[in-house]
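For the sequence shown, the residue numbers in the numbering used here are 37 to 138.
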Amino acid sequence: MSTGVALVSMSAAALPATLAALVGDLAAGNRTGVTMGGLATAGDLGSATGPLVAYALAPVLDLRWIYLLCAVALASGLIATVGQEVNPCAGSETGHRSRKNW
């Protein structure tokens, strides 16, 4: 169980900063604010509902199964995004980013 707690702690520390940087870099120039707002809203909804769902499942499932469900949810999100083409130049008039836009 301590390995699962350590993995959750490390991912909870690294994931928000990494996602914010990635979304900020890849969002179209005029949609950056909306995209970052959507990311923040999704994170807040997950933070609010995740513990409630885990608490509701705790009497029914062992803690290992709850961690497994979280791992399945993460893996399904990764599988859904793998292979999708990302265009970091979307939204720019010239089709390429200048240093100013990085």
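Built from N, CA and C at the ideal position, the CB exists for glycine as well.
8 Å Cβ cutoff met for residue i and residue j
i: L93; j: I102; result: yes
i: L75; j: A48; result: no
Simplified DSSP assignment, three categories, for residue i
i: S112; result: helix
i: L97; result: coil
i: A50; result: helix
i: C89; result: A quick correction: the sequence has Val, not Cys, at residue 89. Helix, per DSSP.
i: A63; result: coil
i: V41; result: helix
i: V118; result: coil
Among the options, the one whose alpha carbon lies nearest that of residue i
i: G79; options: V118, T54, L99, R100; result: T54
i: L110; options: A64, L62, L81, L51; result: L51
i: V89; options: A76, L105, T77; result: L105
i: L43; options: T117, A107, L58; result: A107
Minimum Cβ-Cβ distance from residue i to chain C less than 8 Å
i: T85; result: Absent from the structure: chain C. Only one protein chain is present.
Contact belief for residue i with residue j at Cβ below 8 Å, rounded distance in angstroms
i: G86; j: M72; result: Actually they are not in contact, since the Cβ atoms of G86 and M72 sit about 21 Å apart, beyond 8 Å.
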